[in-house]
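Quick notes on the structure that follows.
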Amino acid sequence: MKIIAVGLNHKTAPVDVREKLAFGGAQTIRALRVLKDRYRQAEFVLLSTCNRVELYCAGSRTGGVEPEDLIRFLADFHELPARDFGYFLYIHQDEESVSHLLTVASSLDSLVVGEVQIISQVKEAYKLACMAKSTGKVLNRLFHCAFATAKKVHTNTSIASGRVSVAGFAVELARQLFADIASAKVVVIGAGEMGELLVRHLLHEGCMKVVIVNRSYERGVERAQHLGVEARKWEDLEEQLIDAHIVVGSAGAQDYLFDKGTISHIMTRRRQAALLVIDIAVPRNFEPAVNEIENVYLYSVDDLSAVVEQNLRAREADMAQGMHIVRESVTEFMDWFRARDIGPLIGQMKEQFGRIMRDEIERFFVGARQDASCRDVMEPMVKRIVNKLLHCVISNVNAVAREHGPAEAAKLIDSIVRQAEEIAAGSDNGRKGQS
16 MKIIAVGLNH KTAPVDVREK LAFGGAQTIR ALRVLKDRYR QAEFVLLSTC NRVELYCAGS
76 RTGGVEPEDL IRFLADFHEL PARDFGYFLY IHQDEESVSH LLTVASSLDS LVVGEVQIIS
136 QVKEAYKLAC MAKSTGKVLN RLFHCAFATA KKVHTNTSIA SGRVSVAGFA VELARQLFAD
196 IASAKVVVIG AGEMGELLVR HLLHEGCMKV VIVNRSYERG VERAQHLGVE ARKWEDLEEQ
256 LIDAHIVVGS AGAQDYLFDK GTISHIMTRR RQAALLVIDI AVPRNFEPAV NEIENVYLYS
316 VDDLSAVVEQ NLRAREADMA QGMHIVRESV TEFMDWFRAR DIGPLIGQMK EQFGRIMRDE
376 IERFFVGARQ DASCRDVMEP MVKRIVNKLL HCVISNVNAV AREHGPAEAA KLIDSIVRQA
436 EEIAAGSDNG RKGQS
């Protein structure tokens with residue numbers, strides 16, 4: 016078996032590339048089912064967030080799925096030429112893939128290091144894969160390993176202290192750019208997890224006028240009542256921007272909700288009063304050209320990089336400790352993963368060692384020793400000796416697998432098994448000669 020990860024993120028690709036490859040929930044399930052139908056022996060999980068799109072695959076080393084197949088699939092699914100995004104992709108295999116996922120789940124690869132939303136997003140990606148029935152034994156174990164590692168990192172470090180979410184930094188930006196944020200009217204577009212997080216940060220800053228506008232008015236009202244803020248209908252969205260000071264885009268949408276022309280018209284009605292737009296949605300809610308309008312200040316998720324750099328510097332020690340935990344988990348998982356390929360061979364080796372042990376005991380207890388009283392004591396003792404020797408052999412096999420790969424370890428075990436078979440056959444011949 017091999018594990019492949021193909022993807023791009025905020026470090027390798029700008030938002031205008033990421034949004035072209037983004038998957039909604041229904042799209043994710045449909046994509047996974049297509050992949051599973053096409054490659055029935057392989058396993059797949061698809062992770063799509065505002066900052067990354069990553070496709071994980073576990074399959075056979077011979078005749079299985081290759082990275083090029085996954086890239087071609089992404090291109091075909093989104094009806095994009097691969098050349099439009101291929102330059103921004105990274106490809107990981109086996110241990111690198113495992114390390115990458117564990118680093119992602121632990122929020123050590125996030126735009127905002129230490130943010131807690133990513134583990135929920137990874138869990139949701141795994142849940143969708145389970146619904147699509149596209150995952151299996153290898154990725155099941157890998158993703159549960161990722162969940163456990165993330166929990167350990169957040170429990171044993173201070174990486175999640177302070178402002179550790181994109182939403183938190185968005186509000187921090189608003190506070191820096193808008194002098195009296197407490198008296199500002201803030202319109203939050205979207206009532207999802209990111210929208211709720213934004214509202215909580217805004218309330219913490221003392222904002223008295225926060226309005227949630229969501230496509231589903233009922234869901235918007237429910238979320239607004241839960242948070243103690245206002246809700247307005249989707250058709251009132253443009254009107255709500257007339258007297259807003261800050262607008263935050265966090266709604267799921269495949270196309271821009273506002274283009275330059277629409278915002279220009281709104282600004283005319285506002286008599287050119289300054290408007291701060293923080294667009295943290297991917298795909299984006301606001302056309303980038305909106306930033307060209309006078310007195311409109313548009314910031315996308317990628318524009319948060321300066322504040323993010325401050326966050327990184329403040330968390331260097333926690334990141335180092337977190338990566339140490341990740342490396343330990345990677346080693347543990349890879350020991351299990353490598354043993355999967357050589358497990359049946361190890362079983363054969365154990366069987367042959369047991370056969371030799373039994374044959375030698377039978378050879379010893381013949382003739383005058385056939386009814387010796389020491390047999391009840393000797394058999395368990397010999398078995399313990401053989402098991403200890405087996406443990407030494409298996410430890411060396413695992414070392415070979417780590418240093419030289421499963422194929423070399425398999426060759427070593429195969430050689431031991433053949434020698435053991437020859438010894439066992441010799442024991443059988445010797446017993447026949449005695450009889």
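Count along the sequence shown from 1, then add 15; that gives the number in the working numbering.
Virtual Cβ for every residue (Gly too), placed ideally from N, Cα, C.
Quick caveat, the model's predicted, so the values are computed rather than measured.
CB of residue i within 8 Å of CB of residue j, strictly
i, j, result
"residue 308", "residue 189", "no"
"residue 148", "residue 51", "yes"
"residue 253", "residue 281", "yes"
"residue 142", "residue 340", "no"
"residue 261", "residue 194", "no"
"residue 207", "residue 227", "no"
"residue 298", "residue 336", "no"
"residue 26", "residue 108", "no"
"residue 435", "residue 364", "yes"
"residue 120", "residue 172", "no"
"residue 334", "residue 128", "yes"
"residue 197", "residue 222", "yes"
"residue 85", "residue 19", "yes"
"residue 345", "residue 122", "no"
"residue 32", "residue 317", "no"
Residue range of the alpha helix (DSSP H) that includes residue i
i, result
"residue 114", "110-120"
"residue 411", "390-419"
"residue 162", "152-171"
"residue 133", "132-147"
"residue 220", "From DSSP, residue 220 is part of no alpha helix (DSSP H); its letter is neither H nor E."
"residue 126", "Unbroken run through residue 126: none, as it is neither H nor E."
"residue 195", "Here residue 195 belongs to no alpha helix (DSSP H), and DSSP marks it neither H nor E."
Distance between residue j and residue i (C-alpha atoms, nearest Å)
i, j, result
"residue 237", "residue 285", "30 Å"
"residue 439", "residue 390", "21 Å"
"residue 428", "residue 156", "25 Å"
"residue 351", "residue 219", "46 Å"
"residue 432", "residue 397", "20 Å"
"residue 266", "residue 216", "17 Å"
"residue 450", "residue 59", "Low confidence applies to residue 450: its pLDDT is 49, below 50, so where it sits in the model is not reliable, and the reading given next is rough at best. Cα to Cα, residue 450 sits roughly 59 Å from residue 59."
"residue 81", "residue 106", "10 Å"
"residue 21", "residue 97", "13 Å"
"residue 63", "residue 99", "18 Å"
"residue 242", "residue 354", "50 Å"
"residue 75", "residue 314", "44 Å"
"residue 375", "residue 400", "13 Å"
"residue 102", "residue 23", "10 Å"
"residue 311", "residue 305", "7 Å"
"residue 10", "residue 271", "Lying before the first or after the last residue shown, residue 10 is absent from the chain, which here runs from 16 to 450."
"residue 347", "residue 117", "12 Å"
"residue 411", "residue 92", "46 Å"
"residue 230", "residue 358", "53 Å"
"residue 255", "residue 240", "18 Å"
"residue 288", "residue 136", "37 Å"
"residue 214", "residue 39", "23 Å"
"residue 247", "residue 273", "18 Å"
"residue 169", "residue 300", "32 Å"
"residue 158", "residue 405", "31 Å"
"residue 338", "residue 276", "47 Å"
DSSP-derived helix/strand/coil call for residue i
i, result
"residue 24", "strand"
"residue 368", "helix"
"residue 246", "strand"
"residue 17", "strand"
"residue 428", "helix"
"residue 203", "strand"
"residue 106", "strand"
"residue 252", "helix"
"residue 383", "helix"
"residue 450", "Note that residue 450 scores a pLDDT of 49, beneath 50, so its modelled location is shaky and nothing firm can be said."
"residue 352", "helix"
"residue 231", "coil"
"residue 174", "coil"
"residue 37", "coil"
"residue 29", "coil"
Run of the beta strand (DSSP E) containing residue i, from where it starts to where it stops
i, result
"residue 225", "224-228"
Short CB-CB distance (under 8 Å) between residue i and chain C
i, result
"residue 408", "No chain C appears in this structure, which consists of one protein chain only."
Give, in chain order, every unbroken run of the alpha helix (DSSP H) that is at least 4 residues long and sits entirely within the stretch 254-341. 275-284, 320-329
Which ranges would you report for the beta strand (DSSP E) in the stretch 47-104 if only whole runs of at least 3 residues count? 58-63, 67-74
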